[in-house]
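Here the structure comes first, spelled out in structure tokens, and everything after it is commentary.
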Amino acid sequence: MATDAIKSQVAAKWQEAFERLNGDAPGVSGLIEYSEAWAISTRFLRPFDINSPLGDAEGRRVGKDLAAALPAFNLLKQTKRLVVLLNFFLEDVRQNFYLIENDIRQYMSRFENTHAVHEIRELLKRLVDWFLAWAPPAELGTSIFQAYTLHFRTHLLASLPPTFAAGFKDLCATFLAPPPEQLDDVLAGSTAYGPTTWNPKDQARVWTHIHLLGLVERYETIIASVGYEYIEDHVLKTCTGEWGRPMLEELRTWMSVKVVPWLVHIYARDAKTPEEARTMLQGVGSRFDYYINKTLCDLRTREIFDIIIDYPDSMGALTDLRDCLQRVDQRANLIKSLRKLNFKRLLHPGAGTKLILQQYVSTIKCLRIIDPPGVLLFKVADPIRRYLRDRPDTIRSIVASLVGDEDDSGDSLIEDAENVPIHQFFVDDYIDPNWEPEPIDAGPEFRANKPSDIVSTLISIYDSKDLFVKEVQALLAQRLLSIPKDNTDRIESQRRNIEILKIRFGEAALQVCEVMLRDMTDSKRIDTHIQSQIRTPLHPTIISRHFWPELEKSDLVMPGQFRKMQQDYAHEFAIFKPDKKLKWMPHLGTVQLELELEDRKLEVEVPPLEAAFIELFSERPDWALNDLINAVGAIDRSAAIKALFTWVDYGVIKQQSEDIFVLLERAEEDSLGPERERDISRPAPVVEIPALSAGQQQQTEQMRVYWKFIEGMLTNLGSLPLDRIQTMLKFAPGYDKTPEQLGYFLEAARREGLLVVKDGVWRLNRGHEAS
Numbered sequence: 001m002a003t004d005a006i007k008s009q010v011a012a013k014w015q016e017a018f019e020r021l022n023g024d025a026p027g028v029s030g031l032i033e034y035s036e037a038w039a040i041s042t043r044f045l046r047p048f049d050i051n052s053p054l055g056d057a058e059g060r061r062v063g064k065d066l067a068a069a070l071p072a073f074n075l076l077k078q079t080k081r082l083v084v085l086l087n088f089f090l091e092d093v094r095q096n097f098y099l100i101e102n103d104i105r106q107y108m109s110r111f112e113n114t115h116a117v118h119e120i121r122e123l124l125k126r127l128v129d130w131f132l133a134w135a136p137p138a139e140l141g142t143s144i145f146q147a148y149t150l151h152f153r154t155h156l157l158a159s160l161p162p163t164f165a166a167g168f169k170d171l172c173a174t175f176l177a178p179p180p181e182q183l184d185d186v187l188a189g190s191t192a193y194g195p196t197t198w199n200p201k202d203q204a205r206v207w208t209h210i211h212l213l214g215l216v217e218r219y220e221t222i223i224a225s226v227g228y229e230y231i232e233d234h235v236l237k238t239c240t241g242e243w244g245r246p247m248l249e250e251l252r253t254w255m256s257v258k259v260v261p262w263l264v265h266i267y268a269r270d271a272k273t274p275e276e277a278r279t280m281l282q283g284v285g286s287r288f289d290y291y292i293n294k295t296l297c298d299l300r301t302r303e304i305f306d307i308i309i310d311y312p313d314s315m316g317a318l319t320d321l322r323d324c325l326q327r328v329d330q331r332a333n334l335i336k337s338l339r340k341l342n343f344k345r346l347l348h349p350g351a352g353t354k355l356i357l358q359q360y361v362s363t364i365k366c367l368r369i370i371d372p373p374g375v376l377l378f379k380v381a382d383p384i385r386r387y388l389r390d391r392p393d394t395i396r397s398i399v400a401s402l403v404g405d406e407d408d409s410g411d412s413l414i415e416d417a418e419n420v421p422i423h424q425f426f427v428d429d430y431i432d433p434n435w436e437p438e439p440i441d442a443g444p445e446f447r448a449n450k451p452s453d454i455v456s457t458l459i460s461i462y463d464s465k466d467l468f469v470k471e472v473q474a475l476l477a478q479r480l481l482s483i484p485k486d487n488t489d490r491i492e493s494q495r496r497n498i499e500i501l502k503i504r505f506g507e508a509a510l511q512v513c514e515v516m517l518r519d520m521t522d523s524k525r526i527d528t529h530i531q532s533q534i535r536t537p538l539h540p541t542i543i544s545r546h547f548w549p550e551l552e553k554s555d556l557v558m559p560g561q562f563r564k565m566q567q568d569y570a571h572e573f574a575i576f577k578p579d580k581k582l583k584w585m586p587h588l589g590t591v592q593l594e595l596e597l598e599d600r601k602l603e604v605e606v607p608p609l610e611a612a613f614i615e616l617f618s619e620r621p622d623w624a625l626n627d628l629i630n631a632v633g634a635i636d637r638s639a640a641i642k643a644l645f646t647w648v649d650y651g652v653i654k655q656q657s658e659d660i661f662v663l664l665e666r667a668e669e670d671s672l673g674p675e676r677e678r679d680i681s682r683p684a685p686v687v688e689i690p691a692l693s694a695g696q697q698q699q700t701e702q703m704r705v706y707w708k709f710i711e712g713m714l715t716n717l718g719s720l721p722l723d724r725i726q727t728m729l730k731f732a733p734g735y736d737k738t739p740e741q742l743g744y745f746l747e748a749a750r751r752e753g754l755l756v757v758k759d760g761v762w763r764l765n766r767g768h769e770a771s
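Quick note: the sequence shown uses UniProt numbering, first residue 1, plus one each step.
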């Protein structure tokens, strides 16, 4: 039961409300006037069906008189009842919104069946008609209009089906890039927006409707995706494979012509001046510029391996990538992509060492352009360096590039302009006003591993430059010993190379090379003197044994006239140099022969072993293989067979039985024989100079104990790359050799005819097994 206090409060409230609504009017006349004003206001604001024939051309119900309704609105404003009226009005909007939903379903149904963009445009116009027809008059104030707008947009967004997003995206894309061949079809059937009105004003009107309905904020992600896809499509079409010139500025110019006008309609439609529009577009323009940089950066990242191959013709792409990386954070992606491409296309047995070195040098040059501090190079180069370190011929390839190609083709990895001392590392100069700190993604060992030039970078693959000095000596020895007589130009070429290398390695490190070059000059002088004393076709190269790398040893003894020439030459040398003694190495060098048979003459240049064998056939026409081997010393059986088949290839001898070879004074049509037919694919004899390397002979001898393991795995598995052989040999008892030492041994086995190698893959020599 209500207490007196509650009754008193209710009475006070009632009296207050009565006075507010009735005012100073006598009796209840004020309440009656308020009731009439409420009825007029609610009737004026009540939502109606604009599809009904009772509506006029302007979308307002006939009989709505704003002038008559204004006194009623003013009365409600005086009595502070507009808020209550607004709540009733918004509830009416909610209850009648099904009328709008019916129209949405009709338009969207047609769009889903035809995918015609004009249906979406007609729907937007229809929604604006509904919005304006139900909107409260401006005389009620902006607050009420804003409340209505928010309420209408909320119900509208909840009523739009999921397929509207796809249609809205197509509409935005059509405004951005209308397809010329589809323009008429796209707009067919539209009465308000026909093909004749497809112009900037028409687009501005549609975007005004979109803003009015609040769709820009709701579908801003879709609008942005339209622009992003348009940009990405253009970048891929115009920039893919175009590496010769920078494309970034061209893309920005294109965007200012093609995309910015579209953005103005969306984000700067209220701008009065170009400066005001530029200010309004600053934020969204920055996002689109970022996307251009990101798209171009992603494209160049996918192409980076081929860009490096094409260097220096790809300078434009490298410049773009450098500028894009300053705008977008894609450095980690670039590192990951390039490392992955290197493993897939470069760091495998099928790629030659020289090719890997060339790509590595190009990588160094390109990444220095993209990232001058060298952080990207530091992170990309590590797998390449580790892979090269495990290859047995890496040092030789680097040294060959330093001293130039033997054929003087000029194809060198290193430019002459980079002849600077090795191990000049970068040192921070903190007093330099242009000094900059290390990049944030630099590792802790970044500075310690940053050599100053490409040669130092290559040589730093290994811990010491002594290996390179020894290889320089070995390579120089090999090249000097392969130089034919009277070819002083090649000797001078090697001398120039050594002078260049002195700048890099120092005078002391290459003193041995100086002795070797001096030996070549002295040898020429000695030979000239001896030739003046005796006329002999023998022209040996006389070297100082203690200053040359260890050469391959052999027990070959030259027979017949060759031995006589050696003895005569040694006699004259002893007279000219009584304090020195010649020790012949007859297995090195070449021999020019003129063979005179009954029906033909041959002029050939062959290794000494082949010359020794054919000299023996001048003594008698048939020889057993073992007798031939015994006659020239204890040589390897496989080398003997290889030498004999050189003459079989020339048709000078033939294999009569398994171990018997016969001289052919007259050529026979069937002299090829079954053995020759089996080996017919073998190329013509090539003069080979034994590989020379300090310490390699001893390593090869130590590896012979593992030959049976290697032979077994190649017999069972066929062909294997070096790294696979190295991995499997680790299961052999006591095996502790490096891949480089294994490579030396496999090369020695190849020279003996036991193995063959192609594209870095080793297999047994089947021809050797058959013989």
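Just so it is clear, CB atoms sit at the ideal spot from N, CA and C, and this is done for glycine as well. As the structure is a prediction and not an experimental result, all values here were calculated from the model.
If you draw a 10 Å sphere on the C-beta of proline 608, you find 16 or more other C-beta atoms in it, and that means buried.
Distance from the Cα of tryptophan 38 is smallest, within the candidate group Ile50, Leu86, Lys344, for Leu86.
Just so you know, the alpha carbons of lysine 344 and leucine 338 end up roughly 10 Å apart. Under the three-pair Cβ rule at 8 Å, the segment 74–94 does not count as touching the segment 105–121.
In the DSSP assignment, tryptophan 243 falls outside any alpha helix (DSSP H) and carries neither an H nor an E.
With 16 or more other CB atoms across the displayed protein chains lying within 10 angstroms of its CB, threonine 79 is buried.
A distance of 7 Å or more separates the beta carbons of serine 554 and aspartate 519. Straight-line measurement puts the Cα of isoleucine 629 at about 16 Å from the Cα of proline 621. Of the residues Leu251, Phe288, Glu249, Glu250, the one whose Cα lies closest to the Cα of tyrosine 267 is Phe288. Glutamate 619 and glutamate 610 have their alpha carbons spaced roughly 15 Å apart. Between tryptophan 243 and alanine 317, the beta carbon gap of about 4 Å places them in contact (Cβ cut-off 8 Å).
In the three-state scheme derived from DSSP, where H, G and I count as helix and E and B as strand, valine 328 is classed as coil. Under a 10 Å Cβ-count criterion, valine 705 is classified as exposed, with fewer than 16 other Cβ atoms of the shown protein chains found around its own Cβ.
Membership of aspartate 649 in the alpha helix (DSSP H) is indicated by the continuous run 637–650. As the crow flies, the alpha-carbon of leucine 176 is around 15 Å from that of threonine 221. The Cβ atoms of lysine 294 and valine 260 do not sit closer than 7 Å to each other. Here the alpha carbon of leucine 251 sits roughly 13 Å from the alpha carbon of threonine 240. According to DSSP, phenylalanine 573 shares a beta bridge with no other residue. The Cβ atoms of leucine 481 and proline 559 lie no closer than 7 Å to each other.
Following the DSSP letters along the chain, one finds isoleucine 461 in no alpha helix (DSSP H), marked with neither H nor E.
Within the DSSP bridge table, the entry for valine 756 names Arg763 as partners. Around the beta-carbon of histidine 546, fewer than 16 other beta-carbon atoms lie within 10 Å, marking it exposed. Take isoleucine 530, set aside five residues on each side of it, and the residues of its chain with a beta-carbon closer than 6 Å to its own are Glu572, in chain order.
Going by beta carbons, leucine 157 and arginine 110 fall outside the 7 Å limit. Pairwise C-beta distances place the segment 145–163 out of contact with the segment 223–234, as fewer than three of them are shorter than 8 Å. If you draw a 10 Å sphere on the C-beta of proline 274, you find fewer than 16 other C-beta atoms in it, and that means exposed. For secondary structure counted as the alpha helix (DSSP H) over 4 or more consecutive residues, the segment 587–627 holds these complete runs in sequence order: 608–617. Secondary structure remark: continuous alpha helix (DSSP H) runs of at least 4 residues inside the segment 338–390, in chain order: 353–370, 375–390. Segment contact: the segment 460–471 against the segment 501–514, three or more CB-CB distances shorter than 8 Å; contact assigned. Between proline 739 and proline 383 the beta-carbon gap is near 16 Å, outside 8 Å, which marks them as no contact. Residues Val235, Leu236, Cys239, Thr240 of the same chain have their beta carbon placed closer than 8 Å to that of leucine 299, with the five preceding and five following residues left out of the count. Contact between leucine 376 and isoleucine 335 holds, with the beta-carbon distance rounding to 6 Å and staying under 8 Å.
Judged by their CB atoms, tryptophan 584 and glutamine 566 are nearer to each other than the 7 Å cut-off. Counting along the chain, the unbroken alpha helix (DSSP H) around isoleucine 144 starts and ends at 142–159. Per DSSP, isoleucine 100 is one residue of the alpha helix (DSSP H) stretching across 98–114.
Given a length threshold of 4 residues, each whole run of the alpha helix (DSSP H) inside the segment 220–293 is given here in chain order: 220–239, 248–258, 260–267, 274–280.
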